[in-house]
Amino acid sequence: IWTVGTALDATVRQSEIQEAADCLREGKLVAFPTETVYGLGADARSTEAVEGIFRAKGRPSDNPLIVHIADKSQLHDLVDRVDETSCRLMDACWPGPLTLVLPAKPGAVSPRVTAGLATVAVRMPAHPLALALIRAAGCPVAAPSANRSGRPSPTEARHVLDDLDGLIDGIVDGGPTGVGVESTVVEVAADGRVHVLRPGGVSAERLAQLLPDAAVVSAHDDGAGAEAYGAVVTRAEAHGAAAGASVAAKADASASTPLAPKSPGMKYAHYAPKGRLTLVRGLSAERVAARIRQELEAARARGEVTGVLTFAERARLYDADLVVPCGSLADPDSVARGLYAALRRFDDAGATFILAETPEEKGIGAAVMNRMRKAAADRVIEV
Ligand code: TXA
Ligand code: MG
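In the UniProt record's numbering, the protein residues as written are 5 to 387.
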């Protein structure tokens with residue numbers, strides 16, 4: 005496995021990008037940074053290459069991949085048509101952490117990429133190395149997060165190496181990624197409603213702001229007790245209640261109606277640390293802290309290796325084998341940026357019992373909470 009760039013010096017020469025791009029063109033697997041997390045790239049047109057992604061990740065084959073492009077002109081090769089709402093979202097958010105699910109042009113990418121669906125998920129990442137690589141490769145690049153399936157997504161090249169060393173061909177190291185949680189996956193339904201299939205780097209509030217006349221509805225399962233893909237969702241609430249009553253009212257009208265297929269990937273347990281993670285949530289910060297201390301004491305008595313996932317401001321409230329401050333309460337973006345690396349630290353420390361404080365569920369915090377719930381298999385203590 006080769007690496008170009010380093011975490012300390014994230015400058016990668018154009019000749020190195022070209023070598024990485026040549027690898028992609030030869031059907032090899034190359035991990036690269038995006039603004040969200042590291043992706044594991046392969047030529048989306050090659051079934052053999054794409055099958056390599058599923059093998060390396062240990063990923064179920066019914067979970068489709070996102071196709072990454074560097075230029076809007078690449079879109080015409082991939083999709084049949086783009087509705088007006090999707091078009092507006094692309095104009096406003098690309099390059100950036102928004103993935104659009106669109107009607108696929110048959111034969112444009114390997115059927116393994118779309119897992120046989122009639123739609124294809126497309127995104128243009130906002131990272132100079134990702135864009136340079138895709139451009140140099142001259143092909144659409146299928147890229148899921150570059151982790152073993154079920155592990156936290158990688159936000160540093162080191163995480164990719166920890167999971168996939170020996171299983172992939174190379175890594176472009178661009179240092180730590182910026183956003184820290186994956187892109188928001190959106191599908192615009194025939195009736196114009198905007199279904200958020202996966203919350204992510206573009207918040208529901210931002211989507212509602214960009215589309216004042218559309219209903220933005222949450223079409224993902226916010227618990228780990230996932231309903232099957234394609235099930236009727238009866239709990240379609242406005243994702244961004246803070247975004248305004250008009251959005252909430254429009255979304256309410258849609259409750260109990262069948263939604264578009266959910267993102268197939270959302271039904272799998274994800275991001276899970278090896279230890280048992282439980283979230284502790286409540287309006288009173290004192291009560292949350294008291295409950296965590298009480299649970300820690302009981303866990304220690306059982307002989308557990310204990311961990312607490314908290315925020316910089318609150319780290320010294322706890323006495324556990326490993327206390328990890330994940331960003332600052334005053335800066336929700338920093339929490340998203342640090343989440344996956346924090347989860348990985350508990351594995352490195354051999355933690356068996358982990359308690360986590362939770363962020364406010366608005367803006368990027370909604371995506372963070374979604375990932376935390378999955379990591380905790382929906383174990384939440386409300387105090
Ligand atoms: O930020 C990101 O999106 C990262 C970086 C590397 O770009 N990629 C990423 O890919 O998170 P992955 O494979 O880990 O997640 C892709 C998600 C899955 O939940 C998958 O089910 C969904 O997108 N997806 C892909 N194609 C779809 C489709 N045609 N319809 C609905 N959901 C789709
Ligand atoms: Mg992933």
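From the three backbone atoms N, C-alpha and C, an ideal C-beta is built for every residue, glycine too.
Span separating the alpha-carbon of residue i from that of residue j
i: residue 275; j: residue 179; result: 21 Å
i: residue 277; j: residue 56; result: 25 Å
i: residue 67; j: residue 316; result: 36 Å
i: residue 300; j: residue 354; result: 16 Å
i: residue 176; j: residue 148; result: 15 Å
i: residue 347; j: residue 104; result: 28 Å
i: residue 65; j: residue 116; result: 7 Å
i: residue 204; j: residue 336; result: 13 Å
i: residue 3; j: residue 351; result: There is no way to answer for residue 3, as the model of the chain reaches only from 5 to 387.
i: residue 162; j: residue 387; result: 37 Å
i: residue 212; j: residue 303; result: 43 Å
i: residue 173; j: residue 8; result: 12 Å
i: residue 27; j: residue 16; result: 16 Å
i: residue 75; j: residue 142; result: 10 Å
i: residue 197; j: residue 86; result: 15 Å
i: residue 367; j: residue 164; result: 28 Å
i: residue 49; j: residue 185; result: 27 Å
i: residue 71; j: residue 171; result: 21 Å
i: residue 296; j: residue 365; result: 20 Å
i: residue 308; j: residue 329; result: 20 Å
i: residue 394; j: residue 286; result: Any answer about residue 394 is impossible in this case: the structure gives the chain only from 5 up to 387.
i: residue 77; j: residue 217; result: 28 Å
i: residue 18; j: residue 298; result: 55 Å
Chain B contact for residue i (CB, 7 Å cutoff)
i: residue 378; result: Among the chains of the structure shown, chain B does not appear; only one protein chain is present.
Status (buried if at least 16 other CB within 10 Å, exposed otherwise) for residue i
i: residue 160; result: buried
i: residue 306; result: exposed
i: residue 62; result: exposed
i: residue 88; result: exposed
i: residue 284; result: buried
i: residue 223; result: buried
i: residue 30; result: exposed
i: residue 169; result: exposed
i: residue 288; result: exposed
i: residue 90; result: buried
Residue closest to residue i, alpha-carbon to alpha-carbon, out of the options
i: residue 310; options: 323, 331, 40; result: 323
i: residue 182; options: 338, 153, 119; result: 338
i: residue 20; options: 212, 137, 312, 281; result: 137
i: residue 1; options: 59, 62, 112; result: Residue 1 is absent from the model: the chain starts at 5 and stops at 387.
i: residue 145; options: 51, 207, 192, 223; result: 51
i: residue 153; options: 105, 74, 59, 110; result: 59
i: residue 210; options: 174, 220, 280; result: 220
i: residue 42; options: 25, 16, 286, 134; result: 134
i: residue 291; options: 198, 78, 385, 344; result: 385
i: residue 25; options: 140, 206, 107, 33; result: 140
i: residue 293; options: 102, 186, 320; result: 320
i: residue 371; options: 296, 344, 106; result: 344
i: residue 280; options: 206, 382, 365, 374; result: 382
i: residue 378; options: 329, 282, 297, 286; result: 282
i: residue 166; options: 35, 374, 308, 39; result: 35
i: residue 158; options: 39, 6, 22, 5; result: 39
i: residue 375; options: 296, 156, 297; result: 156
i: residue 373; options: 18, 5, 202, 44; result: 202
Residues near residue i in its chain [Cβ-Cβ closer than 8 Å; skip 5 each side]
i: residue 92; result: 214, 215
i: residue 81; result: 109, 112, 144
i: residue 200; result: 188, 189, 190, 208, 211, 220, 221, 222, 223, 224, 243
Own chain residues within Cβ distance below 7 Å of residue i, not counting five before or after
i: residue 121; result: 68
i: residue 395; result: No answer is possible for residue 395: the residues shown for the chain start at 5 and end at 387.
i: residue 102; result: 93, 127, 187, 188, 190, 206
i: residue 107; result: 83, 84, 85, 122, 123
i: residue 22; result: 140
i: residue 150; result: 35, 42, 43, 44, 158, 164, 168
i: residue 268; result: 66, 67, 68, 119, 233
Same chain, Cβ closer than 6 Å to residue i, neighbours up to 5 away in sequence not counted
i: residue 312; result: 322, 324, 327, 359
i: residue 369; result: 336, 363
i: residue 331; result: 338, 339, 342
i: residue 54; result: 46, 114, 116, 117, 146
i: residue 333; result: 315, 317
i: residue 349; result: 328
The region 89 to 105 in contact with the region 124 to 131 per 3-pair CB rule at 8 Å: yes
Tell me whether the region 354 to 367 and the region 182 to 202 touch, counting them as touching only if at least three CB pairs, one residue from each stretch, are closer than 8 Å. no
For the ligand FAD, which residues have a Cβ under 6 Å from at least one heavy atom, in chain order? The ligand FAD is not part of the structure shown, which contains the ligand TXA and the ligand MG as its ligands.
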